[in-house]
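Numbering (my numbering), first residue to last: 30 to 628.
Note that the Cβ used here is the ideal one computed from N, Cα and C, for glycine as well.
Predicted model only: the values in this text are computed from it and were never measured.
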């Protein structure tokens with residue numbers, strides 16, 4: 030076999046190996062860089078000239094192991110890691126990308142960057158010093174980042190005479206702390222990175238430890254594959270090289286794109302099919318996660334950067350309001366009055382920090398009230414975006430559930446956030462009390478016994494069927510002495526939404542403002558009848574989250590499939606399609622707005 034054939038076979042074998050991303054963490058001087066240097070050396074992933082550069086003595090094992098990783102001059106001079114250093118090595122089973130992240134508190138933001146894509150985290154603890162605040166901080170961040178496997182390496186066991194008692198005490202204490210976190214797989218290994226004990230091979234100096242060496246665990250821990258269920262394709266660029274081609278380029282975050290497959294474009298809610306999947310090397314029948322592709326569609330749709338292509342039956346959430354756990358990375362403290370930008374997938378929008386719900390005490394994981402976040406502090410925040418974003422929770426999807434916050438003036442990244450499910454309003458922290466909070470508007474009007482309710486008609490403006498429906502409902506509610514307010518899109522566009530143009534984003538903002546206006550009236554016990562020109566899926570995405578599925582009903586007169594919803598919908602095809610509101614529908618509305626009987 031020729032050298033070229035051997036090389037081709039070697040490269041083919043390397044390509045088939047499973048890729049695992051590892052992040053190291055822990056307090057300063059716990060030995061992270063030394064451990065990585067030892068791993069690289071013992072796994073034979075170093076060149077001879079590289080070894081000679083870090084040789085410190087005449088012995089065969091006299092090396093400055095940390096020097097193999099610490100590349101910055103300041104790192105070598107101070108003996109600490111400042112920036113994230115990436116190293117690559119492989120075993121017969123797997124290939125690894127290993128991120129050596131800083132342990133110093135000042136560089137926690139760099140640790141977040143290095144760990145954000147990791148499949149597995151190795152947290153080092155100095156056996157002499159035990160668990161330190163930074164060890165807890167990194168464990169908490171590892172939990173926030175949803176790293177599924179955490180391997181705790183209790184290092185420098187040679188300096189405590191390989192004591193089983195010291196190891197057991199650290200295991201008990203750190204396990205009790207991590208039990209409060211969301212860590213699925215937690216393992217402990219006693220090692221000496223400097224001497225090589227339990228790093229690549231089992232050490233005979235700790236016969237009491239029955240587990241495997243570190244590298245054996247790295248080689249055998251099951252790493253889950255990519256998310257093939259939730260189709261998420263953020264559009265990064267609209268490609269128009271000529272008048273006959275229009276493609277949408279981006280990186281497939283999750284799911285599978287198939288030629289001919291049905292997809293939906295958010296936020297417009299328009300459905301179409303994939304015509305082709307293009308790459309630099311040619312067309313594909315399907316694309317899998319993390320592939321950069323350009324797709325073409327069968328229909329001409331209004332799609333721009335920041336839009337999201339998803340499966341029709343599996344859509345992201347769309348909202349201007351989100352909650353997130355946020356790690357503050359800015360030198361200047363969080364200032365709710367300052368202008369920030371939120372960068373989420375391919376979309377960037379202005380954002381307002383509407384509330385800081387709490388910050389977390391890293392030492393005991395208790396929630397603390399706070400008015401700001403300082404460098405490296407972690408807290409739960411509520412954010413209001415200028416434009417709606419298409420997102421999942423971070424637990425469901427790392428890409429569509431994460432974002433960064435940018436200072437609009439300095440253009441510095443000041444925070445990283447992981448989107449979480451919103452807490453019920455009753456459990457939120459409240460820093461301000463509205464005037465007259467002890468008496469709601471409904472109480473002032475004597476209507477507290479009425480259920481908040483609104484009825485939405487999705488139909489073209491000036492459509493005679495819609496006008497007949499509005500008249501019939503107004504007459505029925507007036508005859509039943511039900512307070513009624515009529516909100517029409519024409520009135521919105523001449524007043525509250527006068528500056529909005531056309532297009533999907535403008536429609537989304539109009540629906541949001543309409544829903545917030547309706548909410549004010551619903552809180553007074555007044556029934557609202559709202560007429561808007563939008564498809565029913567848009568109503569579900571932008572109105573229902575604001576008003577709640579239990580307090581809304583809708584009908585669409587557009588010629589489109591009627592999606593299933595959690596709230597009552599009168600679908601196209603019955604007498605409502607001709608603008609007639611049946612007695613059954615009237616009775617249903619009257620029941621929903623009927624004052625509650627006294628017990």
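{"Check": "Own chain, CB closer than 6 Å to residue 47, minus 5 neighbours either side, in chain order", "Outcome": "123"}
{"Check": "Between the CA atoms of residue 423 and residue 161 - distance to the nearest angstrom", "Outcome": "28 Å"}
{"Check": "C-alpha distance - residue 147 paired with residue 323, whole-angstrom precision", "Outcome": "27 Å"}
{"Check": "Nearest candidate by alpha-carbon position, reference residue 552, set 483, 185, 372, 574", "Outcome": "483"}
{"Check": "Cβ shell of residue 209 (< 8 Å), same chain only, five flanking positions each side left out", "Outcome": "394"}
{"Check": "Closer than 8 Å: residue 277 CB and nearest the ligand SAH heavy atom", "Outcome": "Among the components modelled here there is no ligand, and therefore nothing to report on the ligand SAH."}
{"Check": "Residues near residue 334 in its chain [Cβ-Cβ closer than 8 Å; skip 5 each side]", "Outcome": "264, 265, 266, 267, 375, 376"}
{"Check": "Identity of the residues DSSP links to residue 118 by a beta bridge", "Outcome": "125"}
{"Check": "Top-ranked residue by Cα proximity to residue 63, from 49, 419, 182", "Outcome": "182"}
{"Check": "Among 286, 412, 502, the one whose alpha carbon lies nearest that of residue 367", "Outcome": "412"}
{"Check": "Residue 334 (DSSP reduced to helix, strand or coil)", "Outcome": "coil"}
{"Check": "Residue nearest to residue 238 in terms of C-alpha spacing, selected from 247, 372, 129, 217", "Outcome": "217"}
{"Check": "DSSP bridge partner residues for residue 311 (one or two, in chain order)", "Outcome": "308"}
{"Check": "Three-state secondary structure assigned by DSSP to residue 71", "Outcome": "helix"}
{"Check": "First through last residue of the alpha helix (DSSP H) which encompasses residue 538", "Outcome": "533–551"}
{"Check": "Chain-order list of residues whose beta-carbon lies under 7 Å from that of residue 230 (same chain, five-residue window excluded)", "Outcome": "242"}
{"Check": "Residue span of the alpha helix (DSSP H) that contains residue 163, given as start and end", "Outcome": "162–173"}
{"Check": "Euclidean distance between Cα positions of residue 365 and residue 58", "Outcome": "36 Å"}
{"Check": "Extent of the continuous beta strand (DSSP E) to which residue 262 belongs", "Outcome": "261–263"}
{"Check": "9 Å Cβ cutoff met for residue 358 and residue 292", "Outcome": "no"}
{"Check": "DSSP bridge partner residues for residue 376 (one or two, in chain order)", "Outcome": "373"}
{"Check": "Stretch-stretch touch, CB-based, cutoff 8 Å, three pairs: the stretch 179–196 with the stretch 221–228", "Outcome": "yes"}
{"Check": "Contact check, residue 152 vs residue 188, beta carbons under 9 Å", "Outcome": "no"}
{"Check": "Neighbourhood of residue 538 by C-beta, 7 Å cutoff - its chain only, sequence neighbours within 5 removed", "Outcome": "529"}
{"Check": "Distance, residue 255 Cα to residue 37 Cα", "Outcome": "27 Å"}
{"Check": "Where residue 601 falls: helix, strand or coil (DSSP)", "Outcome": "With a pLDDT of 42 at residue 601, under the threshold of 50, the predicted position of this residue should be treated as unreliable, though the coordinate-derived value follows. In the structure shown, residue 601 sits in a strand (DSSP, three-state: E or B)."}
{"Check": "One or two residues paired with residue 279 in a DSSP bridge", "Outcome": "322"}
{"Check": "Coarse secondary structure for residue 476, derived from DSSP in three states", "Outcome": "Interpretation of residue 476 is limited by its pLDDT of 45, a score under 50 that renders its predicted location unreliable; no figure is taken from the coordinates."}
{"Check": "Assigned secondary structure, residue 413 (DSSP; H/G/I helix, E/B strand, else coil)", "Outcome": "strand"}
{"Check": "Beta-carbon spacing of residue 356, residue 446 below 9 Å", "Outcome": "yes"}
{"Check": "For residue 173, the nearest candidate out of 427, 438, 308 (CA to CA)", "Outcome": "427"}
{"Check": "Residues near residue 198 by beta carbon distance below 8 Å, same chain, minus five either side", "Outcome": "159"}
{"Check": "Residues that DSSP places opposite residue 271 in a beta bridge", "Outcome": "274"}
{"Check": "Inter-residue Cα distance where the pair is residue 278 and residue 301", "Outcome": "16 Å"}
{"Check": "Limits of the unbroken alpha helix (DSSP H) element including residue 52", "Outcome": "Where residue 52 is concerned, there is no enclosing alpha helix (DSSP H), although the beta strand (DSSP E) it sits in stretches over 47–55."}
{"Check": "Through-space distance from residue 564 to residue 138, alpha-carbon basis", "Outcome": "43 Å"}
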